[in-house]
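Worksheet for the structure shown next.
In this note's numbering, the protein residues as written are 67 to 728.
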C-alpha cells in the first residue's frame, strides 16, 4: 500500500527548509529535488484514450498452472446499497500441503477489525490509516450466519474466536474451526458458509463513500498452513495473526470463481476476468468473475464509473487488457493513468519477469475515498481519490507503485504480517526506477534518509513497530535505502540480476528474508552476513561524524606551516568506503578514503595554510547515512560554536520531523 505519498507533502517542505537552513550554515548543500508538477516525457507522449462501455466478453481460463493452488473459492455476493451490506455465501475447498494430518481450519474474518473501538486494529491505529480517520459512529463487521460441511452437517458449534497475537477478547478477526475428522496430507476438505458484512465508511481499505463501494478483505479467508521449510519453518503448522493497525496480509494461492450482484446502474471492477456477460433483469445485474493463481479477490462498484480499456502487449507481456474505472472528476486524466500503467507493466516485466495475467484493473475512487485509495490486490489496484482535479506526478507515482505490488505482493507473495519490507521496500525501490527511467524524477536519497529518526529491524512483525510512522519509515523508506546501498556496492547491472533471479526463483512461493540474502550471495559470490546483521536484522544506520579539528603553527625545515589534526568517528554501522574531503584556506583540496571499520580515525595534515573545513561523503554516496549535519566542520568557527549547533540543530530537525510524522 502506498503510504508514502500525500501525507509526505508537508513533510517534504518543512524538512527541506530545515535542512537547507542548517546545511547552508555549514556550507554543505544537499542536492535538491526538482519541483515537478507535470509529467516529463522522455518517450512517446500519451495516446488519446476513448470512453467505452465495459467489455465483458467471456474469457476461457488457460490450463497453465503457476502456483500450488492450495485453496478454491466459489462465492456469491450481493451488495445491498440501502443498508451498505454485503450478503454472501461461499464454498471453500482447502488442500493440506503438509505431511501431517490437520485437525483444525482457521479463517480470517477481516471486516471485524471495524466492529468497535476495542478491536486490535482500532486500538493500534486509533481508528486511522494514513490521513484517513474512521467517522464517528460508522462501524463494520462480519457475521457468520452458517458454517457447514459439504454434506450439510452444522459446524457452527465447532468454531471459536482466537487472538494469538495479543489475547484481546474484543478482537474477532480470526476463527478456529475444529474439524470432525482430520485432513490427511494432500487430501482436501470442503466447507460452506453464509455471511453478511456491514461496511464502514471507508477509511482503511474496505467500505463505502456515497454510492462507491470498495470490497477488499471482505470474505472469510483461509489462513496459511506452512509445510516444514516454508520461510525457514522448522515444523509445519498454521501461520496465524489477527488484523493489526500496521500489517497487511498473507494468503495461499488458489482459484476464485465469484458472482457479484449489484443494482443495474452499477459497474463492477474485480480481480480476474469475466467468464460470461453480466445478466440484467432491469433491477439487478450479476457479474461473474474468475481468477486463478492469485491469493485474494477484491472488487469495487459504482454507478458513476467512466470506463476505459486498452489491450497492451510487449516482448515480455503476452497480452493484457488494461481497464480503467474512473471517477468522473478525473475523466480528462485517463490518458495519464493509462500511460503510467503501460510503462510500469513494461518496465517491471522487462526487469523481473512477465506479467502472466490477462487483465489489470485500475479503480479511481471518488473525492473523499482516499481510504480505499493507494491499495493493491491481485490484478486490481486503486489510485488516490479524485479530489484533486490537477494532480502532479503523484498520480503517476501511485499507479507505478501499486502495479509494482503486482510483482512483489501479487506473485512473490511474502508474509506481510512478519516481513512487510519484502513487499513494500522492494516495491518502493522498483517504483523509483520507473519514475526515473520514464518520468525523469530522481529520488533525493539524502533527504529521504533524514526521515529515519527511529530505525528498527526490517524483519519484524508489523505491529511491533511503536507506531505507524516508525513502521512506514522502516518498511518503505529504510528498506528501499538498504536495497539502494546494495546496488551502490555491486553496481546496477549486478543488482538487476539479483532482483530478477530472486523474482524468478520465488514467484508463487512465499519467500523469506533469508531467501533473498541467499540469492544475493549466490549472484554476487560474496557473503552479506555483516551487512544484513546491521541493516536488515538489526536497526543500524550509517553515521560518521567530524568530531574535532585542531590547528597549530609548526616550523618544518625552517618554514612556518600549519598542522591540522582531524578526529572522525563512526557512530553507526560500518560502510565499505567512507570518502572524506579536506579543503585548505588557499583552496587546496585533498580527498581520502577510510574503510570505516574502526570506531574512529585521526588524520594529521601539514600545509602552508590552515585547514579550512572537512566534509565526510561530499557526493552523498553513503545511502544509509541519516545524520548529514555532523558530516561537516569548519576550522574558522569561533570556539564556542565548535559543536556546530549540533544539539540544537539535530533536535530541531527531529522535532520537526516528529511533528509532521504520520
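The C-beta atom is built at its ideal place from N, Cα and C for all residues, glycine as well.
Span separating the alpha-carbon of residue i from that of residue j
i, j, result
"residue 514", "residue 543", "7 Å"
"residue 257", "residue 176", "19 Å"
"residue 283", "residue 365", "10 Å"
"residue 297", "residue 489", "15 Å"
"residue 643", "residue 558", "18 Å"
"residue 345", "residue 353", "7 Å"
"residue 553", "residue 349", "57 Å"
"residue 670", "residue 617", "10 Å"
"residue 391", "residue 453", "15 Å"
"residue 633", "residue 683", "15 Å"
"residue 645", "residue 663", "13 Å"
"residue 688", "residue 698", "14 Å"
"residue 295", "residue 305", "13 Å"
"residue 242", "residue 234", "15 Å"
"residue 477", "residue 652", "59 Å"
"residue 307", "residue 648", "53 Å"
"residue 528", "residue 491", "13 Å"
"residue 625", "residue 674", "9 Å"
"residue 620", "residue 668", "18 Å"
"residue 596", "residue 525", "15 Å"
"residue 376", "residue 637", "54 Å"
"residue 198", "residue 650", "53 Å"
"residue 278", "residue 362", "21 Å"
N-terminal and C-terminal residue of the alpha helix (DSSP H) that residue i is part of
i, result
"residue 490", "487 to 505"
"residue 410", "400 to 417"
"residue 572", "558 to 572"
"residue 512", "511 to 516"
"residue 339", "First-last for residue 339: 339 to 346, but that is the beta strand (DSSP E), not the alpha helix (DSSP H)."
"residue 357", "Counting along the chain, residue 357 falls outside any alpha helix (DSSP H), though it belongs to the beta strand (DSSP E) covering 350 to 360."
"residue 534", "534 to 538"
Beta-carbon gap between residue i and residue j smaller than 8 Å
i, j, result
"residue 248", "residue 137", "no"
"residue 424", "residue 311", "no"
"residue 383", "residue 428", "no"
"residue 564", "residue 586", "yes"
"residue 208", "residue 324", "no"
"residue 410", "residue 320", "no"
"residue 287", "residue 216", "no"
"residue 444", "residue 132", "no"
"residue 333", "residue 120", "yes"
"residue 635", "residue 666", "yes"
"residue 165", "residue 251", "yes"
"residue 281", "residue 446", "no"
"residue 483", "residue 316", "yes"
"residue 238", "residue 181", "yes"
"residue 273", "residue 206", "yes"
Terminal residues of the beta strand (DSSP E) in which residue i lies
i, result
"residue 619", "610 to 622"
"residue 700", "698 to 700"
"residue 580", "Element bounds for residue 580: not the beta strand (DSSP E) but the alpha helix (DSSP H), 579 to 590."
"residue 479", "Unbroken run through residue 479: none, as it is neither H nor E."
"residue 601", "Segment 595 to 601 is the alpha helix (DSSP H) holding residue 601; no beta strand (DSSP E) there."
"residue 729", "Here the chain covers residues 67 to 728 and nothing more, so residue 729 does not appear."
"residue 800", "The requested residue 800 is not part of the displayed model; the chain covers only 67 to 728."
"residue 541", "It is not in any beta strand (DSSP E) - residue 541 carries neither H nor E in the DSSP assignment."
"residue 141", "137 to 146"
Local Cβ density within 10 Å of residue i, reported as buried at 16 or more and exposed below that
i, result
"residue 655", "exposed"
"residue 623", "exposed"
"residue 275", "buried"
"residue 692", "buried"
"residue 351", "buried"
"residue 442", "buried"
"residue 641", "buried"
"residue 318", "buried"
"residue 186", "buried"
"residue 540", "buried"
"residue 701", "buried"
"residue 461", "buried"
"residue 196", "buried"
"residue 299", "exposed"
"residue 672", "exposed"
"residue 502", "exposed"
Which runs of the beta strand (DSSP E) fall wholly inside the region 628 to 655 and span at least 3 residues, in chain order? 644 to 650
Can you give, in chain order, each stretch of the alpha helix (DSSP H) that sits fully within the region 428 to 473 and has at least 4 residues? 460 to 471
Every unbroken beta strand (DSSP E) within the region 152 to 235, with a cutoff of 3 residues, ordered by chain: 168 to 174, 207 to 215 and 225 to 227
3 or more residues per run - each beta strand (DSSP E) lying fully within the region 260 to 308: 273 to 275, 278 to 281, 290 to 292 and 303 to 305
Continuous beta strand (DSSP E) assignments of at least 3 residues falling wholly in the region 652 to 695: 655 to 660, 666 to 673 and 677 to 682
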